[in-house]
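Presented below is the structure to which this report refers.
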Amino acid sequence: MSTDRLISYSEAINEALQEEMRRDADIVLMGEDIGSYGGVFKVTKGLYSEFGAERVIDTPISETGFIGAGVGAAMTGLIPIIEIMWIDFTLVALDQIVNQAAKLKYMSGGQTSIPLVIRTQGGGGRGNGAQHSQSLETIFAHIPGLKVVAPSTPYDAKGLLKTAVREGSPVIFIEHKMLYNQKGHVPLESYTIPLGQSDVKRRGKDVTLVSLSRMVLFSLEAAELLSQEGIEVEVIDLRTLVPLDLAAVIQSVKQTHRVVIVHEATGAYGWGAEISARIQEEAFDELDAPIVRVTAEDTPVPYNLNLEKEMLPQVKDIVNAIRKSIQ
Amino acid sequence: MSTDRLISYSEAINEALQEEMRRDADIVLMGEDIGSYGGVFKVTKGLYSEFGAERVIDTPISETGFIGAGVGAAMTGLIPIIEIMWIDFTLVALDQIVNQAAKLKYMSGGQTSIPLVIRTQGGGGRGNGAQHSQSLETIFAHIPGLKVVAPSTPYDAKGLLKTAVREGSPVIFIEHKMLYNQKGHVPLESYTIPLGQSDVKRRGKDVTLVSLSRMVLFSLEAAELLSQEGIEVEVIDLRTLVPLDLAAVIQSVKQTHRVVIVHEATGAYGWGAEISARIQEEAFDELDAPIVRVTAEDTPVPYNLNLEKEMLPQVKDIVNAIRKSIQ
Amino acid sequence: MSKYMNKHLLDEASWKWDEKLVLQAWRLLNLIREFEEKSIEMYKAGLMGGSLHSYIGQEAVAAGMGMVMEPQDYMTMTYRGRGQALAKGADPYRLFAEMMGRADGYCQGKGGPMHIASSELGILGANGIVGAGIPIAVGAAFTSKLKKQQRVSVTFFGDGATNQGAFHEGLNLAAVFKLPVVFVCENNLYSEMTPIKDSLLNEHIAERGAAYRIPSVIVDGNDIRAVHEVGQEAMARARAGGGPTFIEAKTYRLVGHMFGDSESYRERAEVERWRQKEPLIQFKELCLNLNLLPEETLSAVTEEIRNQIGDAYELARKASEPELEEIFTHVY
Amino acid sequence: MSKYMNKHLLDEASWKWDEKLVLQAWRLLNLIREFEEKSIEMYKAGLMGGSLHSYIGQEAVAAGMGMVMEPQDYMTMTYRGRGQALAKGADPYRLFAEMMGRADGYCQGKGGPMHIASSELGILGANGIVGAGIPIAVGAAFTSKLKKQQRVSVTFFGDGATNQGAFHEGLNLAAVFKLPVVFVCENNLYSEMTPIKDSLLNEHIAERGAAYRIPSVIVDGNDIRAVHEVGQEAMARARAGGGPTFIEAKTYRLVGHMFGDSESYRERAEVERWRQKEPLIQFKELCLNLNLLPEETLSAVTEEIRNQIGDAYELARKASEPELEEIFTHVY
Ligand SMILES: Cc1ncc(C[n+]2csc(CCOP(=O)(O)OP(=O)(O)O)c2C)c(N)n1
Ligand SMILES: Cc1ncc(C[n+]2csc(CCOP(=O)(O)OP(=O)(O)O)c2C)c(N)n1
Ligand SMILES: [Mg+2]
Ligand SMILES: [Mg+2]
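Dropping the structure here:
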């Protein structure tokens with residue numbers, strides 16, 4: 001990466017959008033306040049002035065309407081990238097995502113493709129309260145027909161979004177509100193990252209830690225702390241839940257024999273359970289200790305910032321879990 | 001049970017509704033075609049003529065509207081029991097279920113209660129196609145604030161529904177379309193079944209099988225077949241996913257050391273993963289073999305009846321899984 | 001009445017179709033009717049899964065619109081949508097095959113009666129979720145406008161569907177973006193077993209189209225000529241960049257909502273009254289009264305189509321089942 | 001214009017309030033304004049989480065409705081809803097405490113600024129999901145009707161919210177079941193950063209209420225007298241069993257959608273034009289012109305309220321944080 005730069009997660013996403021829109025005139029953006037205002041998180045900044053109102057479309061507040069329209073547009077030759085301002089709002093439009101986008105190809109016997117990306121952002125940490133802080137990725141991952149991406153770094157965000165746009169099928173692309181300002185290395189050269197390929201964010205021999213999105217950063221902090229004690233944690237960033245790179249996880253488990261799974265979604269029936277179940281299904285004899293999950297508590301997200309911290313997984317919780325795992 | 005009778009699953013639910021409505025004048029029913037027509041599955045038959053249009057309310061086709069109205073009614077002194085004709089249609093109204101009903105008590109600091117039951121039916125087996133055959137219970141179980149019930153027998157259906165109505169908090173009560181005509185023993189005397197209490201539907205010492213709803217029946221068939229070979233399967237019907245009776249499962253696992261989980265929901269990120277993860281978390285050393293999951297394939301439900309059978313778990317799949325577990 | 005709403009009245013004196021159109025109309029009406037009758041037979045014979053939602057009585061809506069849609073136009077419809085599919089040019093054999101879940105079906109047997117789709121015919125798909133096809137059609141119109149394609153989206157839905165949020169959002173989007181969409185609301189007076197008058201207060205559902213400032217017209221949905229006339233105008237407006245039109249076609253389904261429906265919610269007399277006005281009888285009488293076509297020609301067409309449908313059905317019965325591995329294809 | 005819609009015009013000649021009402025109005029307007037100003041201070045001081053959506057400029061809507069709501073009436077509102085809460089009788093201390101996440105807050109600090117609720121005041125809750133409070137209010141009205149309670153549900157929402165499916169479904173339910181609901185649409189011309197005229201074609205949003213055959217009225221939302229007048233009529237209709245009313249209150253928010261909004265989407269001149277018509281100045285001038293209250297009294301009220309708000313704020317700053325174990329309570 002000769003032309004390496006530090007840019008923010010939101011800038012990286014913005015670049016991916018810009019590059020893809022320049023590459024393919026069929027790509028359109030839809031969403032609320034994404035036009036001249038550039039989106040409430042400024043992710044679509046500048047795109048309206050470059051691509052115009054025809055391709056960067058400010059929609060009425062009607063997520064069912066414009067996700068549905070996105071589905072129809074995708075079936076007929078466009079590649080809509082839809083911004084749902086907060087992942088919590090996907091719930092007003094879940095029919096169009098789950099009953100329509102995810103199923104139309106199948107139900108039509110393969111006649112139709114739905115090249116559609118739904119960009120949204122989730123997670124807590126800003127005191128936005130229970131209706132603006134959820135981590136709902138598990139819901140989407142459970143629905144056949146949807147691919148689910150949740151990047152943790154600017155580099156990953158850019159490369160994965162570019163792939164998502166070219167995927168030819170519905171992709172739920174989940175950003176994290178607390179990552180938008182995080183900076184990271186992103187080369188000037190164009191690149192893509194395939195979906196379904198995890199990334200080892202830190203090598204380690206003692207425990208395999210599986211995570212994604214913001215929790216990768218927390219996990220790396222925890223790994224750093226424990227490293228000072230001589231505990232070496234291998235941090236695997238799944239990056240996508242569907243497709244799932246289980247092979248990489250299993251390979252690591254075969255070295256470490258211990259697993260910690262970290263996610264910000266609430267614990268019960270969360271995606272960590274699937275990872276846990278799969279590992280024990282495929283590497284039962286490799287496990288020297290129970291797989292430990294670190295997740296949000298099974299409650300709505302409280303508003304008070306201290307309570308929110310208490311409810312969401314923190315670095316210290318991850319540290320404790322790792323200790324527990326290697327006991 | 002001196003006054004035992006055989007009645008159908010739909011009759012049992014109907015009785016529960018009738019008894020509860022007689023007991024408590026605050027209970028109202030809302031839904032599409034549930035009034036004089038008695039519901040498309042005839043579950044509300046006769047209730048309109050007994051309780052009148054004020055308490056058995058035919059609604060316009062607007063699930064967001066009337067679930068939302070149910071939430072508002074529940075907050076102000078009524079106990080609405082809402083019929084959503086097919087579970088697939090909850091997706092047009094998920095905001096009201098997940099962002100509203102599930103969170104309002106918490107967000108209000110406990111000022112509000114939402115005594116609301118959403119009755120719906122799911123599952124495949126009738127060739128209803130991808131938008132009318134889903135098993136979406138995992139989605140609800142993942143959301144803190146919702147209780148999730150899915151009975152397998154007329155007896156359970158009646159007893160659990162009566163409890164759900166009295167629970168004082170939102171309950172998603174999931175019936176199975178293929179069970180409505182199944183008959184079972186139901187006493188004439190009034191009874192309730194607490195939520196969070198599983199039921200051992202068959203005793204066995206070799207494998208613990210965990211299931212719910214229609215798959216319990218399939219599992220019992222499988223157990224019967226294997227019993228002829230001397231393999232004794234303990235079939236635990238969870239009956240509710242939230243609250244989850246993990247203790248009973250663990251207790252059984254301590255006897256059998258082997259587990260098979262069976263559900264009709266698609267496998268990836270389905271509720272079986274949570275059960276599997278929990279068992280290995282809490283009884284790691286008790287397991288003599290990997291936990292096996294038998295689930296629907298990770299695809300939409302195909303229309304063709306043979307394909308549908310192939311996609312959904314069948315008795316033979318359960319038999320194979322049990323064999324695999326005890327190998 | 002809002003300036004966005006009007007009632008269509010056919011000018012009987014000036015109305016004129018050449019023989020070709022008359023024949024086309026009669027063929028389409030019969031094609032749908034015969035197909036629907038045969039479908040009931042199929043359902044009774046236990047050859048289908050799921051439910052069967054018959055279109056009998058409403059044929060003039062699909063047929064009238066079918067006469068004005070071009071092959072490149074897009075269409076979405078509902079579980080009750082084989083009639084519209086036929087009107088858009090669907091092959092009865094492939095429809096029957098789909099309904100019986102066969103590999104030759106439009107969706108290879110994976111969609112079923114509620115999910116008929118044909119990309120080559122512009123049929124984006126029938127939908128099992130009330131109202132859900134509306135925004136999808138709007139999206140197709142969006143593509144058409146952006147790509148300057150002159151393809152119009154026609155979306156069919158029922159009276160009851162107008163109570164869904166998706167309806168509201170879809171119509172507003174089409175209005176705001178001035179998209180080439182024709183909304184065809186088939187007001188058959190019932191939404192499943194519930195009279196529509198118990199589910200909304202509007203005298204005319206067209207009021208609801210007008211509320212988005214979409215030109216909205218009420219039309220006799222049992223008169224194929226009337227549907228054709230308003231349909232033609234709506235398609236022309238859309239194609240000329242004039243934006244959406246809302247059509248309320250007043251009609252009636254003469255059979256139950258689905259096969260097995262006890263129809264306890266309506267009087268037989270009501271059904272009988274509407275049967276007098278049913279689209280085929282109506283059009284046939286017209287043909288005879290105005291000497292448009294002789295009785296023999298009309299009957300010959302009916303006969304011919306009956307045979308065609310019968311053959312297609314028999315062929316479909318013998319069509320092969322899809323391979324079991326097909327459950328894994330087309331997921332992504 | 002539809003017969004279900006009309007434009008309210010205050011009859012200046014016959015308009016008359018006794019001193020008590022005038023004072024009440026002035027107090028409420030000041031209470032909300034001072035509270036909102038202080039909230040901005042609080043947000044700037046970093047004492048709040050999340051976002052702050054200010055109500056400055058729209059006070060006459062909440063205040064006017066507050067004057068006609070009874071304590072037993074129900075209310076839902078939005079993230080921009082502290083003004084309505086105050087109008088319904090909320091304690092500024094407990095509001096500030098909630099906004100700072102303190103144990104004394106209305107929701108024990110677990111709800112936050114977007115989720116103010118008070119069961120004792122009939123405040124069913126502010127909502128962070130656009131449109132979602134509408135069906136909830138309709139449901140409360142349902143209870144009221146069934147239990148013959150004479151409690152009216154008032155639901156506040158914005159112009160942009162009328163594009164949501166929940167709006168459509170909620171209004172239709174209220175119309176069909178003739179429920180005691182007053183729908184108050186605060187048309188402040190913007191939905192976040194998007195001008196409402198780009199999101200719907202209606203000249204008046206009241207057209208949308210009328211589409212459900214709900215009596216709908218357009219009112220000057222910056223004139224507390226006008227809001228009071230239409231509000232009173234709407235509440236009376238609801239209480240008398242006459243069903244819902246839709247009020248479109250034309251108003252303007254004088255500050256950004258949320259704190260930090262660059263307001264790049266509108267001209268400063270537009271904001272200034274509206275500032276001339278802002279509700280407090282307008283009402284104050286009226287009081288002076290008509291000699292309703294002397295300048296000193298008006299200023300004294302402002303001063304008094306400013307102190308009250310200042311005290312409440314200081315007290316709230318010192319209020320204690322909830323216990324961490326509270327994360328586990330009130331889940332079910
Ligand atoms: C969202 C949703 N809710 C409910 C249903 C169940 N349902 C199927 S058809 C129907 C009635 C639709 O009535 P209408 O729109 O008038 O169409 P028609 O059947 O009369 O053609 C209902 C309620 C559904 N399919 N989808
Ligand atoms: C379903 C949903 N979509 C989008 C948002 C994001 N959002 C919050 S406020 C808002 C604008 C609402 O505009 P309006 O209804 O006019 O109310 P105002 O903010 O002007 O008071 C939007 C789009 C949301 N909260 N919920
Ligand atoms: Mg109908
Ligand atoms: Mg607004």
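Protein chains in written order, with UniProt numbering: chain A, 1 to 327; chain B, 1 to 327; chain C, 1 to 332; chain D, 1 to 332. A virtual CB, placed ideally from N, CA and C, is assigned to each residue, including glycine. Note that the structure is a prediction, hence the values are computed from the model and not measured.
{"query": "I want to check one thing, is the minimum distance from the CB of B:E32 to the heavy atoms of ligand 1 below 7 angstroms?", "result": "yes"}
{"query": "Compute the Euclidean distance between the alpha carbons of B:Y303 and C:G109, then round it to the nearest angstrom.", "result": "6 angstroms"}
{"query": "Using only the alpha-carbon positions, how far apart do D:A45 and D:S39 sit?", "result": "10 angstroms"}
{"query": "Let's test the definition: count the other Cβ atoms within 10 Å of the Cβ of C:T78 and tell me whether it reaches 16, buried, or not, exposed.", "result": "buried"}
{"query": "Cutting at 6 angstroms between CB atoms, please list the residues of its own chain near B:L160, excluding the five before and the five after it.", "result": "V149, P151, I193"}
{"query": "For A:V56 and chain D, any beta-carbon pair shorter than 8 angstroms?", "result": "no"}
{"query": "Would you say the beta carbon of D:G128 is closer than 7 angstroms to some non-hydrogen atom of ligand 2?", "result": "yes"}
{"query": "Taking the beta carbon of B:T3 as the centre, do at least 16 other beta carbons fall within 10 Å, making it buried, or is it exposed?", "result": "exposed"}
{"query": "Could you spell out the range, first to last residue, of the alpha helix (DSSP H) harbouring B:S161?", "result": "Reading off the sequence shown, one finds Leu at residue 161 of chain B, where the question assumed Ser. Element bounds for B:L161: 154–166."}
{"query": "Just mark D:G241 as buried or exposed, buried being the case when its beta carbon has 16 or more other beta carbons within 10 Å.", "result": "exposed"}
{"query": "Could you compute how far the alpha carbon of B:S135 sits from the alpha carbon of B:T295?", "result": "11 angstroms"}
{"query": "Check whether chain B comes within 8 angstroms of A:T112, counting only Cβ atoms and requiring the distance to be less than that.", "result": "no"}
{"query": "On the three-state DSSP scale, how would you describe A:Q111?", "result": "coil"}
{"query": "Taking the beta strand (DSSP E) that B:D58 belongs to, which residues open and close that run?", "result": "56–58"}
{"query": "Which chain C residues are close to D:V176, counting only those with a beta carbon under 8 angstroms from its beta carbon?", "result": "D198, S199, L200, L201"}
{"query": "Since C:F167 and C:I134 are thought to touch, with beta carbons under 8 angstroms apart, how far apart are those beta carbons, to the nearest angstrom?", "result": "6 angstroms"}
{"query": "Are any of the Cβ atoms in chain C nearer than 8 angstroms to that of B:M1?", "result": "Reliability of the predicted coordinates at B:M1 is poor, the pLDDT of 49 falling under 50, and no value is obtained from them."}
{"query": "Go ahead and label B:R23 buried or exposed: buried means 16 or more other beta carbons lie within 10 angstroms of its beta carbon, across all protein chains shown.", "result": "exposed"}
{"query": "Using 7 angstroms as the cut-off, classify the Cβ of D:S199 as near or not near the heavy atoms of ligand 4, replying yes or no.", "result": "no"}
{"query": "When the Cα atoms are used, what is the spatial distance from B:Q255 to A:G196?", "result": "39 angstroms"}
{"query": "Residues of chain A with CB under 8 angstroms from D:G50, in chain order?", "result": "R126, G127, N128, G129, H132, Y303"}
{"query": "Name the residues in the stretch 153–176 of chain D whose C-beta lies less than 8 angstroms from a C-beta of chain A; which are they?", "result": "G160, A161, N163, Q164, G165, A166"}
{"query": "Return the Cβ separation of C:I214 and C:Y4 in integer angstroms, given the expectation that the two are a contact with Cβ distance under 8 angstroms.", "result": "7 angstroms"}
{"query": "Taking the beta strand (DSSP E) that B:A102 falls in, what are its first and last residues?", "result": "That residue, B:A102, is in no beta strand (DSSP E); it is neither H nor E in DSSP."}
{"query": "Examine ligand 2 and report whether any of its heavy atoms sits within less than 7 angstroms of the Cβ of D:M69.", "result": "no"}
{"query": "Note down, in chain order, each residue of its chain lying with its Cβ closer than 8 angstroms to the Cβ of A:V235, except the 5 sequence neighbours on either side.", "result": "V200, K201, R202, G204, L209, S211, V216, S219, L220, A223"}
{"query": "Can you find a C-beta in chain C that's less than 8 angstroms from the C-beta of D:R102?", "result": "no"}
{"query": "Is any heavy atom in ligand 3 found nearer than 7 angstroms to the beta carbon of B:Y191?", "result": "no"}
{"query": "When burial is assigned at 16 or more other CB atoms within 10 Å of the CB, is D:Q72 buried or exposed?", "result": "exposed"}
{"query": "Roughly how many whole angstroms lie between the Cα atoms of C:Q58 and C:E278?", "result": "8 angstroms"}
{"query": "Would you kindly report the start and end of the unbroken alpha helix (DSSP H) that includes C:Q24?", "result": "19–44"}
{"query": "Is any beta-carbon of chain B found at less than 8 angstroms from that of A:V259?", "result": "no"}
{"query": "Roughly how many angstroms lie between the CA atoms of D:I196 and D:L189, to the nearest whole one?", "result": "5 angstroms"}
{"query": "Could you tell me which of A:V92, A:V56, A:W86 sits nearest to A:G68, measuring between CA atoms?", "result": "A:V92"}
{"query": "So which residues of chain D does B:L104 contact, with C-beta pairs closer than 7 angstroms?", "result": "G125"}
{"query": "Kindly identify the DSSP beta-bridge partner or partners of A:L244.", "result": "The partner list for A:L244 (beta bridge, DSSP) is empty, contrary to what the question assumes."}
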